[in-house]
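Undergrad: Let me give you the structure first, and then I'll get to my questions.
There are 2 protein chains.
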Amino acid sequence: MRRSLELWFDFGSTYSYPAALRIEALAGASGVDVSWRPFLLGPIFRLQGWNDSPFNLNPRRGAYMWRDVARVCADLDIPFRKPTVFPRNGILAARVATRFEGEGWVPEFVRTVYRANFAEDREISDREVIASCLAACGVDPEPALAAAVTDEAKGKLRERTDEAERRGVFGAPTFFAGDEMFWGNDRLERALAWVSRPSGS
Amino acid sequence: MRRSLELWFDFGSTYSYPAALRIEALAGASGVDVSWRPFLLGPIFRLQGWNDSPFNLNPRRGAYMWRDVARVCADLDIPFRKPTVFPRNGILAARVATRFEGEGWVPEFVRTVYRANFAEDREISDREVIASCLAACGVDPEPALAAAVTDEAKGKLRERTDEAERRGVFGAPTFFAGDEMFWGNDRLERALAWVSRPSGS
Chain S
3 MRRSLELWFD FGSTYSYPAA LRIEALAGAS GVDVSWRPFL LGPIFRLQGW
53 NDSPFNLNPR RGAYMWRDVA RVCADLDIPF RKPTVFPRNG ILAARVATRF
103 EGEGWVPEFV RTVYRANFAE DREISDREVI ASCLAACGVD PEPALAAAVT
153 DEAKGKLRER TDEAERRGVF GAPTFFAGDE MFWGNDRLER ALAWVSRPSG
203 S
Chain C
3 MRRSLELWFD FGSTYSYPAA LRIEALAGAS GVDVSWRPFL LGPIFRLQGW
53 NDSPFNLNPR RGAYMWRDVA RVCADLDIPF RKPTVFPRNG ILAARVATRF
103 EGEGWVPEFV RTVYRANFAE DREISDREVI ASCLAACGVD PEPALAAAVT
153 DEAKGKLRER TDEAERRGVF GAPTFFAGDE MFWGNDRLER ALAWVSRPSG
203 S
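Top line first, the protein sequences correspond to chains S and C.
Here the first sequence stands for residues 3 to 203, numbered as in this note's numbering.
Here the second sequence stands for residues 3 to 203, numbered as in this note's numbering.
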């Protein structure tokens, strides 16, 4: 039976960007499937008393993050340009990725939206930008966008965010190997090693 | 000329523990000297609006940290027992390590105090515990403890904490490779690679 690693991510989250770009190749090399789990960090941040990204609320922490994420992306040979708006609202992209979970084009859509935000400085809350990301993945944008904003689709993303809350998520990216939680792009290798352990160990 | 990596640490900081235990061997293998820089996180946390460790103020973040640091230590084969008091006050140990900076026994003293806190659950704010750590490193405790609490020695630690503030430190462990800052035990290898780069690159 194939094992699976869950990637929980928000399209506005800086460190989720390198995680989303590199997870599929790394997981594939370990014989692990990726379960893509978009959610919304906003409600999770509010639980912790924050009405904005902690990188904005804490300037010392924020200044370091921008330097660090640029280094991380350079090391991974991933293009990075500091977005002029941060954090961008990824709710529409998250609704699309949640509504079409399991479709073969979703991983490439996720990467395309992340590149739009963090390499091309495009406004991913803009419906036209998400439409162009869908088209770039060979998906007809209008039907997909219409399906992503039904009450059912909206409810599915809300449920996902509720699940993140219940499972103790406090930031992104977060990986779940079964019930074992790992936080941060730099824990991806460790999470994959965990999920690849022999059963019962 | 030997290159040097600065390790800025607080004796109460969980992730500083594995960093302090493994830095010397890793740095030595890269031909890099370690500059040990004890400081106090308390004033740095207060700058960020916190009157306690963020791991205590934010229970979701704290619950994860305890699980994660146990995994990190297990992976490194470093003993770890969750301290019954957190964070412990490391000011006396920091004064000792600052006062005797450059002495050959200081790195082993640092490691001994960290093990007392995070492997043996001993109260490192207790003068007798620090005396026993000094004795374990072959240092006569009483003269060392007396020298560590002079106004000059206290002032030196305060100056170090002020320097951390000026240089943008917001947590521990923090590594400086020249002016380049890296935060977190998981950035140790990256910081060493940075300091080891050919000059001018």
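Ideal Cβ positions, reconstructed from N, Cα and C, are used throughout, including at glycine.
The structure presented is a predicted model; accordingly, all values stated were derived computationally and were not measured.
Can you name, in chain order, every residue of its own chain whose Cβ lies under 6 Å from the Cβ of valine 71(C), other than the five neighbours on each side?
TA: Thr16
Undergrad: Let me check understanding here. Comparing Cα to Cα, which of Leu9(S), Gln50(S), Arg48(S) and Glu122(S) lies closest to isoleucine 80(S)?
TA: Glu122(S)
Undergrad: Does any residue of chain C bring its CB to less than 8 Å from the CB of glycine 202(S)?
TA: Note that glycine 202(S) has pLDDT 48, beneath the 50 cutoff, so the model's placement of it is unreliable and the number below is only indicative. By this cut-off, glycine 202(S) is not an interface position.
Undergrad: Of all Cβ atoms in chain S, is any one closer than 8 Å to the Cβ of arginine 62(C)?
TA: yes
Undergrad: Go through its chain and collect everything with a Cβ distance to serine 32(S)'s Cβ below 7 Å, but skip five positions before and after it.
TA: Leu194 and Ser198
Undergrad: Measuring CB to CB, does leucine 159(S) end up less than 8 Å from arginine 97(S)?
TA: yes
Undergrad: If you drop the 5 nearest sequence neighbours on each side, which residues of the same chain put their C-beta closer than 6 Å to that of glutamine 50(S)?
TA: The same chain holds no residue with a CB closer than 6 Å to that of glutamine 50(S) once the five nearest residues on each side in sequence are set aside.
Undergrad: Rounded C-beta distance between tryptophan 68(C) and lysine 84(C)? I'm assuming under 8 Å.
TA: 6 Å
Undergrad: Could you list the residues in the region 64 to 75 of chain C with a C-beta less than 8 Å from some C-beta on chain S, going in chain order?
TA: Per Cβ criterion, the list reads Ala65, Tyr66, Arg69, Asp70 and Arg73.
Undergrad: Please report whether the beta-carbon of glycine 216(S) lies at a distance below 8 Å from any beta-carbon of chain C.
TA: With chain S covering only 3 through 203, there is no way to say anything about residue 216(S).
Undergrad: What residue range is occupied by the uninterrupted beta strand (DSSP E) comprising arginine 5(S)?
TA: Segment 5 to 11, the beta strand (DSSP E) holding arginine 5(S).
Undergrad: Would you call the CB atoms of alanine 149(S) and arginine 101(S) closer than 8 Å?
TA: Alanine 149(S) is a Cβ neighbour of arginine 101(S), given a cutoff of 8 Å.
Undergrad: At a CB-CB cut-off below 7 Å, which residues of chain C make contact with aspartate 188(S)?
TA: Asp188
Undergrad: Leaving aside the five residues before and after proline 143(C) along the sequence, list all residues of the same chain whose C-beta is less than 8 Å from its C-beta, in chain order.
TA: Result list for proline 143(C): Ile132, Ala133, Ser134, Leu136 and Ala137, in chain order.
Undergrad: Should the region 41 to 55 of chain S be regarded as contacting the region 159 to 170 of chain S, the criterion being three or more beta carbon pairs within less than 8 Å?
TA: yes
Undergrad: So, does the CB of tryptophan 10(C) fall closer than 8 Å to a CB anywhere in chain S?
TA: Not one chain S Cβ lies under 8 Å of tryptophan 10(C).
Undergrad: What residues of chain C sit near methionine 183(S), judged by a beta carbon separation below 7 Å?
TA: Tyr66
Undergrad: Report the rounded CA-to-CA distance for tyrosine 29(S) versus proline 145(C), giving the unit in angstroms.
TA: The amino acid occupying residue 29(S) in the given sequence is alanine; tyrosine does not appear at that position. Whole-angstrom Cα-Cα distance: 56 Å.
Undergrad: Report the three-state DSSP secondary structure of valine 74(C) (helix, strand or coil).
TA: helix
Undergrad: Do the CB positions of valine 171(S) and isoleucine 46(S) come within less than 8 Å of each other?
TA: yes
Undergrad: With arginine 5(S) and valine 36(S) assumed to form a contact (beta carbons below 8 Å), what rounded beta-carbon distance in angstroms separates them?
TA: 11 Å between Cβ atoms; not a contact.
Undergrad: Have a look at Gly157(C), Ala22(C), Val115(C) and Asp54(C) and flag the residue whose alpha-carbon is nearest the alpha-carbon of glycine 92(C).
TA: Val115(C)
Undergrad: By the 10 Å Cβ neighbour count, where 16 or more other Cβ atoms means buried, how is glycine 186(C) classified, buried or exposed?
TA: buried
Undergrad: Would you please state the rounded distance, in angstroms, between the beta carbons of aspartate 188(C) and aspartate 128(S)? I believe it to be under 8 Å.
TA: That belief does not hold up - the Cβ atoms of aspartate 188(C) and aspartate 128(S) are roughly 35 Å apart, past 8 Å.
Undergrad: Nearest CA to the CA of arginine 90(C): which residue from Gly104(C), Phe120(C) and Pro109(C)?
TA: Comparing Cα-Cα distances from arginine 90(C) to each of Gly104(C), Phe120(C) and Pro109(C), the minimum goes to Phe120(C).
Undergrad: Unbroken alpha helix (DSSP H) runs of length 4 or more, entirely within the region 47 to 117 of chain C: which are they?
TA: 56 to 59, 61 to 78 and 93 to 101
Undergrad: Using the C-alpha atoms, what's the distance from aspartate 77(S) back to alanine 174(C)?
TA: 23 Å
Undergrad: How big is the Cα-Cα spacing for cysteine 75(S) and serine 18(C)?
TA: 25 Å
Undergrad: Taking buried to mean at least 16 other C-beta atoms within 10 Å of its own C-beta, is asparagine 1(C) buried or exposed?
TA: With chain C represented from 3 up to 203, any question about residue 1(C) goes unanswered, as that position is not in the structure.
Undergrad: Considering only the alpha carbon of each residue, which of Phe111(C), Glu182(C) and Leu147(C) lies closest to glutamate 26(C)?
TA: Phe111(C)
Undergrad: Alpha carbons only, please: which of Trp196(S), Trp10(S), Met3(S) and Leu190(S) is nearest the one belonging to alanine 99(S)?
TA: Checking every option, the nearest Cα to that of alanine 99(S) belongs to Trp10(S).
Undergrad: Would arginine 48(S) be called buried (16 or more neighbouring beta carbons within 10 Å of its own) or exposed?
TA: exposed
Undergrad: Considering only the alpha carbon of each residue, which of Ala155(C), Phe82(C) and Ser55(C) lies closest to glutamate 103(C)?
TA: Here the closest residue by C-alpha is Ala155(C).
Undergrad: With a 10 Å radius around its C-beta and 16 neighbouring C-beta atoms as the bar for buried, classify methionine 183(S) as buried or exposed.
TA: buried
Undergrad: Taking leucine 190(C) and alanine 22(C) to be in contact with their CB atoms under 8 Å, please state how far apart those CB atoms are, rounded to whole angstroms.
TA: Not a contact, Cβ separation roughly 10 Å.
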